[in-house]
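Here the structure is laid out as structure tokens; the discussion comes afterwards.
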Amino acid sequence: MTAWLDGVNPVTKIVLALLLSVPLFASIDVTSAVVAIVLQLLCLPLTGLSLGTVLRRLAPIALFAPVAGLSMLLYAEPGGRVHWSFGFATISDASITLAIAVGLRVLALGLPTILLFGATDPTRLADALAQVAKLPSRFVLGILAGTRMLGLFLDDWRTMALARRARGVGDRGAVRRFFSMAFVLLVFAVRRGTKLAMAMEARGFGSGIPRTWSRPSRLHPRDGVAVLGGTAIMALALAAAVFAGTFRFVWS
215 MTAWLDGVNP VTKIVLALLL SVPLFASIDV TSAVVAIVLQ LLCLPLTGLS
265 LGTVLRRLAP IALFAPVAGL SMLLYAEPGG RVHWSFGFAT ISDASITLAI
315 AVGLRVLALG LPTILLFGAT DPTRLADALA QVAKLPSRFV LGILAGTRML
365 GLFLDDWRTM ALARRARGVG DRGAVRRFFS MAFVLLVFAV RRGTKLAMAM
415 EARGFGSGIP RTWSRPSRLH PRDGVAVLGG TAIMALALAA AVFAGTFRFV
465 WS
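With this note's numbering applied, the sequence shown covers 215 to 466.
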């Protein structure tokens, strides 16, 4: 089943990702981040992704979010009641609020990328970058080739893990095993990348002759609707923060 967002040009999705993230840097508060996350999740049916898929992809960001707020929790300017203090580290009401706001902001910044590009075909993205954004074809095709290699790297990692376990060396020394497998994967990547570059050069991908594209990529009225929707989400999120009295510029 085709989702509504599938009809939006990939370049428009890039613009939307910036539109849904950059304005959040204007203020660090809980209200705007929560409203932005809720409104974006309400748009989930338009993406064709299930809630479980989004949550699984958001899990690494959710694990990193508390780390981002930890420095604010300990070293932000104290305000209100002080709960704990040791040296330069102080935990107060203001630092707790700021830490929560930073953690939620990390989620709000990562969620648009997951929703917008979770089901985007890399080939369509390359077509759009070359035809709509007018980026150099050599640059675009290089990115496309590299993106196609990511799936092979994951398969290589699984194969190496299974091979080590079959030999009885995959159940101990997790840290050492990780670095040794990462080094082997790096060697595979260099060799495969060299062969791929030579093959693409032999087929004329590196020539300066203007290329043609088998799949045209154009902007449609749906792209304008998507941009207006993204603008409305950000406007509502920031307006909610102003109305609640929690909006404050990051440099103030």
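No residue lacks a Cβ here, since even glycine has one placed at the ideal position from N, Cα and C.
Under the three-state DSSP convention, the category residue i falls into
i	result
S285	helix
W298	strand
F461	coil
T304	strand
S246	helix
S428	coil
S264	coil
S421	coil
S235	coil
Nearest-angstrom Cβ-Cβ length linking residue i and residue j, presumed shorter than 8 Å
i	j	result
L230	P336	Going by Cβ atoms, the distance from L230 to P336 rounds to 18 Å, so no, they are not a contact pair.
L321	A359	Not really, about 32 Å apart at Cβ, beyond 8 Å.
A455	D243	5 Å
I328	V268	6 Å
Beta carbon of residue i nearer than 8 Å to that of residue j
i	j	result
F461	L450	no
A458	T245	yes
G324	I251	no
S428	V346	no
L368	T226	no
L234	M448	yes
R391	R406	no
A240	F463	yes
A247	L238	yes
R417	S351	no
Euclidean distance between Cα positions of residue i and residue j
i	j	result
R270	D437	28 Å
G283	I314	7 Å
M374	V404	17 Å
P224	W298	48 Å
L318	F300	26 Å
D370	G332	22 Å
D468	T361	What the structure shows of the chain is the stretch from 215 to 466, and residue 468 is not part of that stretch, so it cannot be assessed.
A480	A388	Residue 480 is absent from the model: the chain starts at 215 and stops at 466.
K409	A396	20 Å
Residues near residue i by beta carbon distance below 8 Å, same chain, minus five either side
i	result
L442	none
L272	L321, G324, L325 and I328
Nonlocal neighbours in the same chain, by C-beta distance under 7 Å from residue i, ignoring five residues either side
i	result
V316	I242, A282, G283 and M286
L399	F367, D370 and W371
K344	First, the residue type needs correcting, since residue 344 is Ala and not Lys in the sequence shown. Within the same chain, A344 has close Cβ partners S351, V354 and W427.
Cβ-based neighbour list, residue i, same chain, cut-off 6 Å, excluding 5 preceding and 5 following
i	result
L162	Since the first residue shown for the chain is 215 and the last is 466, residue 162 is missing from the structure and cannot be characterised.
F419	L355
P338	First, the amino acid is wrong: residue 338 is Arg here, not Pro. Once the five neighbours on either side are set aside, the close Cβ partners of R338 are P224.
Short CB-CB distance (under 8 Å) between residue i and chain B
i	result
G221	No chain B appears in this structure, which consists of one protein chain only.
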